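Following: one structure in structure tokens, then a few remarks.
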Amino acid sequence: MAENFFKVLVVDDDETMREVCSEVLATEGYNVSVAAGGWEALDLMDLKWDLIITDFNMPGLDGAGFYRAAVSRFPEMGDKFIFMTGDTASARVIEGMNGRLVNKPFRVKDLLNAVESVLKESEASRRYRRVRLDGCSLHIRFDGSELAAVAEDLSLHGMKIRYPGRPFEAGPGLKVSIDNLNISRDARVVWSTASASESFSGIIFEKPVPASVFAELVPNSL
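Sequential numbering of the sequence shown, starting at -17, is according to the numbering used here.
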């Protein structure tokens, strides 16, 4: 099969599983690399992957820890993970994260269908990278307090906000509601800065915004 140029990283502490996944995906034309664990995979994140397939239960940095660390550095990767597990309890945890699940042992068809589905959604979402909101109002709940803020722009994975008072400290704990877009998300602060009269922050959503939300906003895209 002709090479399709999608870069896929397979992460598993089981060498046999790494080899099986690598061979199956390479046969379908994917450009595949492997890592033997979460820490090794994290060192490879700068290589810009189209998709990451990772075991959930691994020694050292497990699948959940790897996912959180990777997405904190590269928020655009939040919806480009497939988790593999044979553990029912882990499967329930994965359902609460923004990732696809392939149960072990899996059929080759199941793995390939999951890969194709994630990559198709990723390709479609690239049209909605970032849109201006031109001062769209929103409500922020942080550290037990609620305040009104203004959205400067919005992407699938986060937004830039402007608000009165002191800048937020980096870290989790935000609850963001954009009433006119019917969006409510838990979020974390990545950076903050302040001017003489107001503060600005860049935030990342814990779960990406659906691409469908952007349908009417695309004409204003950056």
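The beta carbon of each residue, even a glycine, is placed where N, CA and C say it ideally should be.
This structure is a prediction, so every number in the text was calculated from the model and none was measured.
DSSP three-state assignment for residue i, whether helix, strand or coil
i      : result
N162   : helix
V191   : coil
A206   : Examination of residue 206 is not possible in this model, given that the chain is present from -17 through 204 alone.
Y12    : coil
A52    : helix
A96    : helix
L26    : coil
G45    : helix
E103   : helix
E1     : helix
F(-12) : coil
Y110   : Confidence in Y110 is poor, its pLDDT being 49 and thus under 50, which makes the residue's placement too unreliable to answer from.
G20    : helix
Beta-bridge partners of residue i, as assigned by DSSP
i    : result
I36  : In the sequence on display, residue 36 carries Thr and not Ile. Answer is V(-7) and F65.
I143 : A133 and S183
9 Å Cβ cutoff met for residue i and residue j
i     : j    : result
V(-8) : R0   : yes
S183  : V171 : yes
G20   : G60  : no
R144  : A152 : no
Segment limits, beta strand (DSSP E) that includes residue i
i   : result
L83 : R82 to N85
Is it a yes or a no for the stretch 92 to 104 touching the stretch 30 to 43, going by three-plus beta-carbon pairs under 8 Å?
Enough Cβ pairs lie closer than 8 Å, so yes.
Tell me whether the stretch 80 to 93 and the stretch 47 to 67 touch, counting them as touching only if at least three CB pairs, one residue from each stretch, are closer than 8 Å.
Short answer: they touch.
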